[in-house]
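Data block below; observations after.
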Amino acid sequence: MTKPSRDPSIEQEPHLQNQQFEADSSEALAEARLRREAGHPAGDDAVEHTVWDESVLSSELAGAPADDQVTYARWLAQKMAETSATKSWLVTLFVVLVAGPWGVLGALGGSGQSASGLAMIVLVGPITEEVMKVAAALWVIEKQPYLFKSLWQIFFCAAAGGAAFGFIENLMYLYVYVPEHSAKLAAWRWSVCTGLHMNCSFVAGVGLARIWDNAMRNRHRPQLWLGVPWFVMAMTAHGIYNASVVVAESLGWLKL
């Protein structure tokens with residue numbers, strides 16, 4: 024076994040040898056990362072790593088940041104000024120279109136009559152559906168809140184997304200799951216069920232609006248916990264409805 028050389032001279036350095044020098048693999052990884060980051064806007068990337076929003080660097084403790092320092096408030100104000108009303112509404116419409124299909128993914132496993140199936144209907148299904156129906160809007164609020172310009176856009180995203188979800192779910196339920204459905208069932212689905220999804224999504228939308236409004240007024244990062252009570256209310260209302268329908272059908276009170 025060859026022992027490490029104790030020669031203090033530089034002649035043994037790899038780049039001074041006759042053979043071709045091979046850089047450490049981490050060098051290539053670092054170079055690739057620099058190339059990737061060069062393709063992103065400096066402000067958008069920098070705001071993800073800025074330390075000026077840390078409590079220990081508050082203006083009371085550390086003083087105001089220099090003019091060239093990136094802060095969340097400065098980044099947000101710049102993005103708000105750069106975002107046109109047209110772009111904002113295009114994003115809003117896109118969120119509405121995505122909310123329905125995305126939310127349906129949460130409903131695919133919500134059938135069954137066993138104990139586990141009942142838990143899916145009453146607990147897991149409502150939680151998953153209500154989260155996924157507003158997931159796209161929540162992502163925009165968390166990552167790019169400047170893309171919304173008013174509370175009404177958020178309410179519209181929530182309610183219209185709920186309606187889109189109800190529409191798709193009704194088509195699946197009436198023409199895939201129960202193709203031999205009655206007219207009474209169809210009327211129930213298009214009225215009661217669609218109304219349920221719209222109203223529950225609107226309640227969750229109130230939570231989204233609280234998160235967005237707080238962030239925009241105070242120019243700080245969105246605080247998602249502000250919307251949690253409203254998300255829970257939407258999930259609870261949805262779960263209570265599902266449980267009521269299951270009980271009513273099992274007792275023969277509701278025949279569709």
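Mapped onto the numbering used here, the consecutive letters of the sequence shown carry residue numbers 24 to 279.
The beta carbon of each residue, even a glycine, is placed where N, CA and C say it ideally should be.
query, result
"Looking at the structure shown, is H243 part of a helix, part of a strand, or coil, going by DSSP?", "coil"
"How about the region 146-164 and the region 211-219: do they share at least three Cβ pairs that are nearer than 8 Å?", "no"
"Could you give the DSSP three-state label for Q176: helix, strand or coil?", "helix"
"Going by DSSP, what residue range makes up the alpha helix (DSSP H) through P124?", "A108 to V127"
"Using the Cα positions of N222 and G250, report the straight-line distance between them to the nearest angstrom.", "16 Å"
"Counting beta carbon pairs with one atom in the region 159-179 and one in the region 238-247, are three or more of them shorter than 8 Å?", "yes"
"For S273, is the classification buried or exposed, using 16 other Cβ atoms within 10 angstroms of its Cβ as the cut-off for buried?", "exposed"
"Among P124, S173, T217 and T106, which has the Cα closest to the Cα of V157?", "P124"
"Under DSSP, the alpha helix (DSSP H) around S267 begins and ends at which residues?", "V251 to S273"
"Could you tell me which of L197, K172, F117 and G230 sits nearest to V255, measuring between CA atoms?", "G230"
"Given a threshold of 16 other Cβ atoms within 10 Å of its Cβ, counted over all protein chains shown, does A186 qualify as buried or as exposed?", "buried"
"Any idea what DSSP makes of T94, helix, strand or coil?", "coil"
"For L277, which residues from the same chain have a beta carbon less than 7 Å from its beta carbon, with the 5 sequence-adjacent residues on both sides left out?", "V268 and A271"
"Assign L52 to buried or exposed, taking buried as 16 or more other Cβ atoms, counted over all protein chains shown, within 10 Å of its Cβ.", "exposed"
"Leaving out the 5 sequence neighbours to the left and right, which residues in its chain are closer than 7 Å to G189 when beta-carbon positions are compared?", "C216, T217, H220 and M221"
"Pick from V226, L279, A232 and V114: whose alpha carbon is nearest that of T259?", "V226"
"Following the continuous alpha helix (DSSP H) through V154, name the residue where it begins and the one where it ends.", "G148 to K156"
"For Q136 and G262, I'd like the C-alpha separation in whole angstroms.", "Residue confidence for Q136 is low, a pLDDT of 43 falling below 50, so the modelled location carries little weight; the figure read from the coordinates is stated next. Approximately 16 Å between the Cα atoms of the pair."
"Between which two residues does the alpha helix (DSSP H) holding G278 run?", "Looking at the sequence provided, one finds Lys at residue 278 rather than Gly. Note, K278: premise wrong, no alpha helix (DSSP H); not H, not E."
"Just the Cα atoms here: how many angstroms apart are F117 and W253?", "23 Å"
"Following the continuous alpha helix (DSSP H) through L197, name the residue where it begins and the one where it ends.", "L197 -> no alpha helix (DSSP H), and no H or E assigned at all."
"Check S224 in the structure and name its three-state DSSP category.", "helix"
"What does the Cβ neighbour count give for G275, buried or exposed, with the cut at 16 atoms within 10 Å?", "exposed"
"If contacts are defined as beta-carbon pairs under 8 Å, then T115 and Q176 qualify, I think. What distance do you get, rounded to the angstrom?", "5 Å"
"Taking the alpha carbon of A181 as the point to measure from, which residue in M155, I191 and M195 has its own alpha carbon closest?", "M155"
"On the three-state DSSP scale, how would you describe F188?", "helix"
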